[in-house]
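One structure is given below, encoded as C-alpha cells.
In my numbering, the protein residues as written are 1254 to 1366.
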C-alpha cells in the first residue's frame, strides 16, 4: 500500500509540471536552445561572472576590462528577445514555486513550532 502523502506529492508535482508556467518555461527553453549564439553568450557571461566572483573572494583586484566584458555580455543577453522571454518565463515559474512553498510552510507552521 502506498503512502497517501507521497501520492499527494506526486499529484502536486504532476500539476506543477502541467501548469501554464512550466509549459511556457519548457517552450521558451526549446526556443533558447535553438539560438546557439545566445547560449554561447550566456555561457561566457556565467564564466566571466564566476571569474570576477572568484577574484573578489580571493581579494584580488578586478580589472576594469573584466568588468566591461561582463557588462558587454550582459548587454548582449538582454538585447536578445528569446533571452528576455526565457527570463520572464523563469520568473513566472519561480513565483509559482514560491507560492507553493509558502502554502506548504503555512500548513506546516504548527508542526515546526
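Every residue gets a Cβ at the ideal spot worked out from N, C-alpha and C, and that includes glycine.
Scanning 1362, 1363, 1354, 1284 for the CA closest to the CA of residue 1262 turns up 1354.
Its Cα nearest to that of residue 1297, the residue 1327 stands out among 1286, 1327, 1268. For the pair residue 1347 and residue 1285, the CB atoms are not nearer than the 8 Å cut-off.
Annotation for residue 1291: the continuous alpha helix (DSSP H) segment containing it runs 1289-1310. Here the region 1329-1343 lies against the region 1278-1294, with 3 or more beta-carbon pairs under 8 Å apart. The beta-carbon separation of residue 1330 and residue 1305, rounded to 16 Å, does not stay under the 8 Å limit for a contact.
Taking a contact as a CB-CB distance under 8 Å, the pair residue 1274 and residue 1361 does not count as one, their CB atoms being some 23 Å apart. Taken through DSSP and simplified to helix, strand or coil, residue 1364 comes out as coil. From the listed residues 1314, 1332, 1345, 1317, the smallest Cα separation to residue 1272 is found for 1345.
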